[in-house]
Every structure is written in C-alpha cells, then in structure tokens.
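Just so we're aligned, residue 4 is where the sequence shown starts under the numbering used here, counting upward by one. Glycine included, each C-beta is placed from N, C-alpha and C at the ideal position. For clarity, every value in this text was computed on a predicted model and none was experimentally measured.
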Amino acid sequence: MKRRENEKNQAVNQFWNGVKLKSIKEIRTKVAYFIKKEQKKVFLLFSVYFVPLFTIGLIGFPYVDDVDRQINGYTGFGTTYSRWGSEVASWIIQGGRHQVDLGIFMYGLSSLILTVSSLILVYCLNNRKLTWSSILVSSFLGLNPWFMECLLFRFDNPYMSLSILFSVLPFLFYERIKMFIPISVIAIFLMCNFYQSSSGIYIMIVIAFVFKSLVLNAKILVVFIKTLASAGSYILGLILFYLQLKLLPGAFVSDDNLFLASAAKIYSSINTNLDSYLDMYLSKSPTSWMLLIGMLFLSFIVVVLTLPNNNLLTKVFALMMYFLTGIPLSAGVFIVFDSPLLTVTPRYGYGLSVFCVITALLLLNLSRTRMMTFYSNKIALILFFYFFSFPFVTATSLDAQKTSFEHQSTLLATDLNSFVTPDRKIVQMNKLFRNAPLRLNNMKKYPLIDNLVPNNSALTWTNTLWFKSFSNLDIEIQPVDFNQINTQELEIQKQSSLYNIYTTEEEIFVEMTY
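Written out as structure tokens, the structure reads:
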C-alpha cells in the first residue's frame with residue numbers, strides 16, 4: 004500500500020514538473036492521481052468559490068451591459084474592447100454569436116476556472132504542496148473585493164476569470180525555461196485578449212519567485228536568467244497583442260488609442276496612478292480590512308527577518324524590493340496610463356488584492372518554526388473569515404437594489420402609460436429611482452458597495468434600458484435639470500411623494516422629488 008502511494012506521489016510530482024508526456028492516456032492518469040490525492044482540498048476550494056457565486060447568480064441582477072445582452076444578444080467583447088479571446092470563447096460556449104443568459108452555468112464555469120487558477124498559484128508558491136490554510140487564502144485570488152465586480156457580469160465572468168488562469172498557468176513550467184518562455188508569451192497574449200486588468204498578476208508572481216530565491220539563498224545567476232526570461236516573455240506577449248490591435252482594433256482599445264503616457268510624462272503619470280491606486284484602496288476599504296492587511300504585512304516582515312538562513316542585509320533588501328516593485332507593478336500596464344484609469348471602477352484595480360493573496364501564501368510557505376507556522380495559519384483563517392463574507396454582502400445589496408428598482412419601475416410605468424402616445428414618447432427626467440435602504444446601510448460599513456452595486460437613481464443608459472425593458476414602454480428617456488425648467492408652464496398630471504408628472508403636447512416630464 005505504501006509503495007503504491009509513493010508511486011502515485013511520484014506520478015503527481017512528474018506531472019507538475021512538466022515532464023514530456025507520451026500520450027493523452029498518460030496525461031489523464033497523472034491528473035487523476037493528483038485529483039484523487041488532493042480531492043478533499045480541491046472540493047473545498049471549488050465549494051468556497053461556487054457557493055457565493057451561486058448565490059449571486061440566483062439573484063439574476065442584470066449587471067451594467069448585461070441588460071443589453073439579455074435584450075439584443077450581442078457580444079461586443081472584441082469589436083469594442085479588443086478582447087477577442089472573450090469574443091471567440093463566447094461563441095464556443097453559446098454555440099454561436101447570439102448570446103443568451105445561461106444563468107448559473109456561467110458561475111459554475113467561473114468557479115471551476117478560478118479553482119484551477121488558485122491550485123496552480125498555491126502549488127507554485129508553496130513548494131508543490133497544498134495545505135488547508137493555503138487553499139482557503141488562495142480563494143481570494145478570485146473572491147477578493149476588487150475582482151468581485153468582474154464576477155457580477157452574467158455574460159462575461161468566465162472570460163475575465165480566464166485572464167487570471169492564463170496569468171498563473173506558465174509557472175507550472177517555471178523550472179523548464181525552454182517550455183516556460185513560449186508558454187508565457189502565448190499566455191500573456193491570451194490574457195490581454197480576455198481581460199487586460201490582469202496584466203499585473205504575472206509580474207507579481209515573478210517578483211514573488213525572485214523574493215523567495217533571495218531570502219532562501221538561491222543562486223543569483225539562476226535567478227537572473229529566470230527573471231530575464233520572464234520579462235522578455237511578458238514583453239513579447241504584449242508586442243503580439245499590440246500587433247493584433249493593428250489588425251483588429253476595438254472601438255475603445257486600438258493601436259491608436261492605448262491610453263499610454265508619453266515618454267515625457269511617464270514619471271508623473273506613474274506617480275499619479277500610484278497615488279490614485281492606493282487612495283482607492285484606502286478610501287473604499289473598511290477599517291477592519293486595513294487592520295487585517297496591516298497585520299498580514301507586519302507578520303510577513305517578521306517571518307522573513309527571522310528566517311535562519313541568509314544575512315539580515317539581504318533579507319531587508321529583498322523585502323524592500325518585494326514591496327517597492329510588487330505594489331506599483333500589481334497594477335500592470337495601467338500604471339503607465341496617461342490618466343488614472345485604476346480609479347474608474349474596482350475591476351480595473353484588483354491587482355493589489357492579488358498582491359495581498361501572494362503575500363499571504365508566501366507567509367505560510369516561509370514560516371519555519373512551529374510557533375510561526377501556528378501564527379501564520381491563524382492569520383490565514385482570520386483573513387478568510389472576514390473577507391469571505393463580503394461576496395454575500397454584495398449579493399444581498401444586489402438583491403435589494405433589484406427588488407427596489409423593479410417595484411418603483413412598476414409604479415412609474417403604470418402612471419406613465421396613460422400619457423405615452425405615438426406623438427409623445429420623449430420622457431425628460433432629473434433622475435431615476437430611490438436606492439434600496441439595505442444598500443445604503445451596507446455602504447456605511449463597506450464603501451466599496453457604492454462602486455459595485457449600481458446606483459438606481461443614475462440616468463445611465465443601462466438603467467434606462469432596464470426600465471424600458473421592464474415597463475415595455477416605447478419611450479426615449481432624456482436627462483433634464485428642473486432648475487432650468489419652469490414647471491408653471493407645464494400641465495401637471497400627477498403628484499405623489501415620489502415624483503411629479505408634467506406633460507406638453509410632445510414631451511413628458513418626470514420630476515423625482517425624493
């Protein structure tokens with residue numbers, strides 16, 4: 004029995020070492036051995052991903068441009084954002100170019116993709132070992148609050164998740180440079196084609212490997228060669244994507260519209276982007292999160308400085324290199340943009356959250372004494388406990404906001420129906436509906452909810468399209484400032500505690516009074 008177990012372990016190690024495989028059957032056998040050996044941990048990790056995503060999926064919130072895709076069935080990933088990987092993948096998943104809402108299936112697919120991504124990250128950074136603590140911590144590769152927005156898109160979440168998978172996949176072959184380089188080039192190219200916001204993840208993992216090598220007395224020449232190979236592969240992958248932009252430009256992203264800062268402004272742009280990046284995290288994170296991250300970083304520094312091998316100066320240098328390069332480069336290519344795109348929406352700035360996940364995994368891996376190991380495991384469990392609840396807070400906020408939007412839509416549509424005619428379809432409004440009290444309450448503790456859960460009162464094209472699809476009214480909604488309107492000249496049709504409705508022969512005016 005013991006001999007058989009050793010043979011299985013050897014097969015698993017050979018698989019992860021990237022040995023040459025002779026047949027599909029051999030690949031299947033080695034994967035089966037690995038899954039069987041670690042099946043409990045794999046199942047736990049998949050469950051950690053699937054339960055919150057299943058909860059979000061059941062709510063059925065049409066997130067941002069999901070509304071348009073639900074109504075018109077278009078994709079637009081490639082033609083708009085040059086995300087041709089997402090475009091082609093959507094054709095494959097949907098069995099054609101016309102999109103339909105696949106419901107929970109997409110969230111299950113994302114759970115599977117993120118599970119594989121987390122397993123690879125843990126395996127590579129934790130000396131090819133999966134531990135219970137590292138598995139739990141790794142779940143925030145995909146469930147971190149800033150990547151959460153990507154998972155709210157009903158049509159798009161698996162493709163954004165694939166960008167993470169392609170960022171971590173090359174490191175399975177990190178010890179085999181001849182395989183690592185071409186796989187990295189292809190993976191970076193594919194990452195850009197699925198979601199460019201993941202462009203910092205590959206860089207952070209390279210930094211993590213360099214850091215580990217320095218504090219564990221690895222050969223400097225080997226470290227230099229691997230770092231050079233990683234940097235060259237990354238740049239080649241970006242060049243391939245740039246060439247693609249020339250051939251297949253998108254409406255917002257093309258070779259003429261890369262948003263990159265000029266050479267003269269690059270230093271100031273980096274400073275501006277970094278300041279905005281860090282300020283976003285500080286302003287949108289509750290105090291409890293900041294304390295936990297501070298505790299994580301402090302524990303990490305203590306563990307590294309107390310490592311028995313290597314001299315203190317080398318460890319201090321390695322720590323400075325890790326933080327001074329890892330934090331800004333976690334933003335990926337966005338750090339050199341000419342404007343702080345990272346502050347536009349959380350899904351553009353989740354790199355720093357991934358940096359925290361990598362730091363937590365390194366903390367677990369580098370803890371050498373029994374006391375440090377015990378302490379590191381407790382830190383991991385505390386991080387998991389307090390961060391794992393956030394996806395459910397997001398879910399309840401979405402549910403309350405959706406219910407509130409639909410209820411108020413019913414009221415307004417009922418009142419508008421009497422005044423909409425073939426000659427009077429334009430509706431002028433100052434804003435839309437009240438936000439759900441539950442969302443407002445959740446924002447007090449988690450300011451990030453304001454960015455993740457759409458504002459019901461905003462007259463965005465997605466909100467107005469959602470209202471029109473729900474009400475079935477053939478109208479055109481336009482924003483108006485009632486401070487510039489003399490309502491005395493309008494005919495009042497209805498007054499209520501929520502809104503007043505006025506009309507002219509050609510237009511309807513809705514003044515929200517809340």
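Annotation note: the region 70 to 108 contains the following uninterrupted alpha helix (DSSP H) runs of length 4 or greater, listed N- to C-terminal: 80 to 84, 87 to 97. Relative to the Cα of Q431, the nearest Cα in the group M323, I478, F391 belongs to I478.
L344 and Y353 do not touch by the CB rule: their CB atoms are close to 13 Å apart, not below 8 Å. When the five nearest sequence neighbours on each side are left out, the beta carbons in the same chain lying within less than 8 Å of the beta carbon of N220 are those of N312, N313, in order along the chain. Rounded to whole angstroms, the separation of the alpha carbons of T309 and F377 is 15 Å. In the DSSP assignment, E508 falls outside any alpha helix (DSSP H), carrying neither H nor E. Taking the Cα positions, P185 is about 15 Å away from T230. Y517 counts as exposed, since fewer than 16 other beta carbons sit within 10 angstroms of its beta carbon. Taking 8 Å as the upper bound for CB-CB distance, V357 and S333 are in contact here, some 7 Å apart. The beta carbons of L365 and Y502 sit no closer together than 9 Å. Of the candidates E152, I62, L241, E152 places its Cα closest to the Cα of N454.
For the pair T290 and I385, the Cα-to-Cα distance works out to about 15 Å.
The region 186 to 205 makes contact with the region 240 to 252; the number of CB pairs closer than 8 Å reaches 3 or more. Listed in chain order, the alpha helix (DSSP H) runs fully inside the region 345 to 379 are 354 to 369, counting runs of at least 4 residues.
Of the residues assessed, E514 falls on the buried side of the cut-off, its CB having 16 or more other CB atoms within 10 angstroms. For E152, the enclosing alpha helix (DSSP H) starts and ends at 151 to 155.
Per DSSP, the unbroken alpha helix (DSSP H) holding I206 starts and ends at 204 to 218. In the structure shown, L451 adopts coil according to DSSP, grouped into three states. Fewer than three beta-carbon pairs drawn from the region 75 to 83 and the region 109 to 116 are found closer than 8 Å, and the two stretches are therefore not classed as touching. Looking at the DSSP output, I429 shares a beta bridge with E479, E510. Contact between the region 58 to 76 and the region 132 to 140 is absent: fewer than 3 CB-CB pairs across the two stretches fall below 8 Å. The alpha-carbon separation between R437 and K381 amounts to approximately 42 Å. DSSP links Y502 through a beta bridge to M515. The three-state reading of DSSP puts L462 in coil, since its state is none of H, G, I, E or B. Distances from the CA of G88 to each of P161, L133, T317, I123 were compared; the closest alpha carbon is that of P161.
Spatial neighbours of D69 in its own chain (CB-CB distance under 7 Å, excluding positions within 5 residues in sequence) are listed in chain order as F156, R157, F158. In the structure shown, E41 falls within a coil segment according to DSSP collapsed to helix, strand and coil.
Going by DSSP, G335 is part of no alpha helix (DSSP H) at all; its letter is neither H nor E. For T328, the secondary structure class from DSSP, reduced to helix, strand or coil, is helix. Here the alpha carbons of S474 and Y505 stand approximately 19 Å from one another.
A residue is called buried when at least 16 other Cβ atoms come within 10 angstroms of its Cβ; L250 does not meet this threshold and is exposed.
For the pair N445 and V103, the Cα-to-Cα distance works out to about 32 Å. Setting aside the 5 residues that flank it on each side, V67 is surrounded in the same chain by T465, each with a C-beta closer than 6 Å to its C-beta; the list follows chain order.
Counting every other CB atom within 10 Å of its CB across the protein chains shown gives E90 a total of 16 or more, marking it as buried. Taking the Cα positions, S460 is about 21 Å away from V396.
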